[in-house]
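Take a look at the structure below.
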Amino acid sequence: MQEEWGMLLSSIRNGTIPDIDHIDHVRDYLQDNMCADPQQADELGSVGPPFSTSAWAPCIWPKLTILLCICSGTFAAALPKARSVIGPDVVVTNIGYGCTECAVGVLLNREDVHVFVVNSTNFIEYLDVAGSLARENILQVVCISLPVFLGLGLSLMTKLLCRSGTYSRASCISSWS
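Numbering (the numbering used here), first residue to last: 1214 to 1390.
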């Protein structure tokens, strides 16, 4: 959206879907549901593109109060960029903590994206990726607040053995600082 801001405003102003690759299969449907709205285009234009101002999203959506997203594991890397767009007053909440092979845990408090209760019937271990990936460094946890129990500043690799027998050595890496 940042790179194509002018095209977006033009599309809203004129009510036309632009020539964008790979949307031919939905272009007609989109065009049927697109109508010109010059006033909205002017309002968006006065705010500017997403990274032109901090807390951009609440300027566009004044009633925005919560962002529900996956922000555990490797997805946590996007949080600083998301926070720059939504600002400090929008609550970020996570839907859970999972890896490719299974769900690992649920949030203990929806407003604290780092504290989970492990509710998996799978066998889960954690390894500090900064240290040696040796057996003696394996951490096994049943009910945890990962940053508190394991320490802030750690990057952990989740190892799990699913009940189905699927084994994953590096399903996801989580960082807390």
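Where is the CB? At the ideal position from N, CA and C, for every residue including glycine.
For residue i, which three-state DSSP category applies?
i, result
"T1306", "strand"
"I1279", "strand"
"G1219", "helix"
"V1397", "Because residue 1397 is not part of the residues shown, which for the chain are 1214 to 1390, the question remains open."
"A1316", "strand"
"V1326", "coil"
"V1239", "coil"
"G1364", "Summary for G1364: the model assigns pLDDT 46, below 50, so the residue's position carries little reliability; its value from the coordinates is reported in the next sentence. Correct three-state label for G1364: coil."
With a 10 Å radius around its C-beta and 16 neighbouring C-beta atoms as the bar for buried, classify residue i as buried or exposed.
i, result
"G1261", "exposed"
"F1329", "buried"
"Y1310", "buried"
"L1359", "Any answer about L1359 is weak, because its pLDDT of 45 lies below 50 and its placement is not dependable; what the coordinates show is given next. It counts as buried."
"C1315", "buried"
"S1259", "exposed"
"A1249", "exposed"
"G1318", "buried"
"A1289", "buried"
Nearest to residue i by CA position, among the options, is which residue?
i, options, result
"T1278", "T1306, A1291, H1235, S1224", "T1306"
"V1326", "A1249, L1281, A1270, K1276", "L1281"
"I1283", "S1265, R1323, A1254", "R1323"
"F1264", "A1254, S1285, G1300", "G1300"
"R1296", "I1236, I1273, A1268", "A1268"
"L1222", "A1290, D1234, M1247, H1238", "M1247"
"Q1215", "L1320, A1270, D1245, Y1242", "A1270"
"I1308", "V1298, L1320, D1302", "L1320"
"C1272", "V1239, D1302, S1285", "D1302"
"K1294", "D1234, T1266, N1332", "T1266"
**Asked** Is the segment 1222-1235 in contact with the segment 1252-1261, if contact means three or more CB pairs nearer than 8 Å?
**Response** yes
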